[in-house]
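**Q** My structure is below; once you've seen it, I'll send some questions.
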Amino acid sequence: MIELDNNATTRPDPEVVEAMIECLTTLWHNPSSIHRAGQAVRRKVELARQSVAALLGVKPGEIIFTSGATESINIAVRGLLAAAPPHRRTIITTPIEHEAVRDLCTGLESTFGVTVRKLPITHEGIVDTAPLEDPSFFDDSVALVTLQWANNETGAIHPVERIGAICRERSIPLHVDAAQWVGRMPANLAALPIDLLSLSAHKFHGPKGAGALFVRQGVRMFPLLAGSQERGRRGGTENTQGIIGLGVAAQRAMNWLADPAERNRIAALRDRFENALLAAVPGAAVNGPLHPDLRLWNTSNIGFPKLEADALLLLLSERGVNASAGAACGSGSLEASPVLVAMGVPESRAHGSVRFSLSRDSTDNDIDRALQIIPACVAKLQGSSAAALV
Ligand code: PLP
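In structure tokens form, the structure reads like this:
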């Protein structure tokens, strides 16, 4: 199988798997137990916390382990709202968030009387910070700003440093959904004005159902899940195998990130893939920014004319290529992706848009094989004579 769906999830690293198996077979005790066996697991959990903190350039005490980015986002947004004064009930966000943020904001709007204000998006799918620069934008009702660091569908990178600086000036907390960023790009939070940040282990070769929330020391918030674990900030017996897997994934990601040539190597593969596809399929276009500084090295979202993305995904899957349309969980719905709609992508192209996402494991051979398969599948669905090649 050619794995071009790495924004949905990535293959677990063998060292992650090994550490998790050890946890399930030997180090399976409760880390809250006072006996030696429990304390051995506690030490592993704390080592994992140190690894995640090192990956983010923060203190271990600022890391809360969770079940993934969705839970981290919920703890951050609900916890900040709960701790904010009652007149602060406005959330500032964007129209292109992952549904973990989008649906949370919609739910809070309909059930808790929260107001949600969305920043404009450029045609490249990048947040336009102009309204934020206007001091009157942050009136007395604003409780927090929440936005993604990089978009899961297009790979577009947002100016979180500038947004964070503005939030700092106005003393408004900034939460960043970094599920697509952490482990793929350096994230030195010691030098960045980000107050809270969510991540998911399975986006960087760790296990599914494990993640973390960074909460900068001094940020006031209420816990969502009461209980003594995680220093009272997230109750419930720890998912020790997931946490230990996340810790190893963080160490492996740090090693990988140390050499920028590795990211450039995959970006070059992505560019070769994209250029060849655009040359082979008349009318195909990239959705999202083209400048390398404005996009993740691994994501290519391509709109194909005269076809439905779901049909292409099924055909590709039969031919050995895994890819997705919109957010992975959005596949199967006939709605055009809200991200592409917000960017102003014409509806006909949005319906035929597919996300191909590489990982640090992607190879030249993967790209060569994918390029033999994809244009022929597109042609088959468009009903052209090139279909005979499939
Ligand atoms: N945020 C972004 C940008 C994502 O891409 C995802 C997952 O695809 C999430 C949040 C949710 O992550 P999880 O399903 O691991 O909780």
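Taken in order, the sequence shown gives residues 1 to 390; the numbers are from the numbering used here. All residues carry an ideal CB built from backbone N, CA and C; glycine is no exception. Source: prediction; values computed, not measured.
Check whether the Cβ atoms of isoleucine 75 and valine 142 sit closer than 9 Å, and answer yes or no.
**A** No, Cβ-Cβ distance for isoleucine 75 and valine 142 is not below 9 Å.
**Q** Buried or exposed: which applies to leucine 24, given that a residue is buried once 16 or more other Cβ atoms fall within 10 Å of its Cβ?
**A** It counts as exposed.
**Q** Mapping DSSP to helix, strand and coil, what is valine 41?
**A** DSSP places valine 41 in helix when its eight states are reduced to three.
**Q** By the three-class DSSP mapping on this structure, what secondary structure does asparagine 152 have?
**A** If DSSP states are grouped into helix, strand and coil, asparagine 152 belongs with coil.
**Q** Under the DSSP definition of a beta bridge, which residues are partnered with methionine 185?
**A** Answer by DSSP bridge pairing, in chain order: Val182.
**Q** Within 8 Å: the Cβ of aspartate 177 and any heavy atom of the ligand PLP?
**A** Checking every heavy atom of the ligand PLP against the Cβ of aspartate 177, one is found closer than 8 Å.
**Q** For the 8 Å Cβ check, are there 3 or more pairs between the stretch 298–310 and the stretch 12–28?
**A** Too few Cβ pairs lie closer than 8 Å, so no.
**Q** Is cysteine 329 buried or exposed, if buried means 16 or more other CB atoms sit within 10 Å of its CB?
**A** With a pLDDT of 41 at cysteine 329, under the threshold of 50, the predicted position of this residue should be treated as unreliable, and no value is reported.
**Q** Roughly how many whole angstroms lie between the Cα atoms of isoleucine 63 and threonine 154?
**A** In a straight line, the C-alpha of isoleucine 63 is about 28 Å away from that of threonine 154.
**Q** Could you tell me whether the Cβ atoms of isoleucine 1 and asparagine 365 are closer together than 9 Å?
**A** The displayed chain sequence assigns methionine, not isoleucine, to residue 1. Not a contact, by the Cβ cut-off of 9 Å.
**Q** I'd like the list of long-range same chain contacts for alanine 84, defined as Cβ closer than 6 Å, with 5 residues on each side in sequence excluded.
**A** Excluding sequence neighbours, alanine 84 sits near Ala143.
**Q** Verify the contact flag: serine 200, CB atom, against every heavy atom of the ligand PLP, threshold strictly below 8 Å.
**A** Serine 200: yes, Cβ under 8 Å from the ligand PLP.
**Q** Look at the Cβ atom of glycine 218, then the Cβ atom of lysine 203, and state whether they are nearer than 9 Å.
**A** Cβ distance not < 9 Å, so glycine 218 and lysine 203 don't count as in contact.
**Q** Does the CB of cysteine 105 have a neighbour CB from chain C at under 9 Å?
**A** Absent from the structure: chain C. Only one protein chain is present.
**Q** How far does the beta strand (DSSP E) with serine 417 in it reach, from first residue to last?
**A** Residue numbering for the chain in the displayed model covers 1 to 390; residue 417 lies beyond these limits and cannot be assessed.
**Q** Please tell me whether glycine 288 and asparagine 301 are closer than 9 Å, where the distance is taken between their beta carbons.
**A** Contact flag set, yes.
**Q** Can proline 186 and leucine 257 be called in contact, C-beta distance under 9 Å?
**A** Contact: yes.
**Q** Are there 16 or more other CB atoms within 10 angstroms of the CB of proline 31, so buried, or fewer, so exposed?
**A** Buried.
**Q** Is the stretch 159–178 in contact with the stretch 122–141, if contact means three or more CB pairs nearer than 8 Å?
**A** They touch, by the three-pair rule.
**Q** What's the call for threonine 111, buried or exposed, on a 16-neighbour Cβ count within 10 Å?
**A** So threonine 111 ends up on the exposed side.
**Q** Less than 7 Å between C-beta atoms, sequence neighbours within five positions excluded: which residues of the same chain meet that for arginine 88?
**A** Here the set comprises Ser141, Val142 and Ala143.
**Q** I believe alanine 69 touches leucine 199 by the beta-carbon criterion, under 8 Å. Please report the beta-carbon distance rounded to the nearest angstrom.
**A** Alanine 69 to leucine 199, Cβ: 6 Å. Contact.
**Q** Does leucine 312 come out as helix, strand or coil in the three-state DSSP assignment?
**A** Note: leucine 312 maps to helix in three-state DSSP.
**Q** May I ask you to report which of helix, strand or coil DSSP gives serine 67?
**A** Reduced to three states, the DSSP call for serine 67 is coil.
**Q** When you compare only the Cα positions, how much space is there between serine 357 and asparagine 188?
**A** Straight-line Cα distance between these residues: approximately 24 Å.
**Q** Across the stretch 226–241 and the stretch 258–274, are there enough close Cβ pairs to call them in contact, namely three or more that are closer than 8 Å?
**A** Verdict: no, contact absent.
**Q** So, leucine 192 versus valine 145, is the Cβ gap smaller than 9 Å?
**A** No, the pair does not count as a contact, with Cβ atoms beyond the cut-off.
**Q** What span of residues does the beta strand (DSSP E) with isoleucine 302 cover, start to end?
**A** Unbroken beta strand (DSSP E) run through isoleucine 302: 299–303.
**Q** On the CB-based measure, 16 or more other CB atoms within 10 Å of its CB, does tryptophan 28 come out buried or exposed?
**A** Flag for tryptophan 28 reads exposed.
**Q** Go to valine 378, then tell me how far its alpha helix (DSSP H) extends in each direction, as first and last residue.
**A** Start and end: 364–382.
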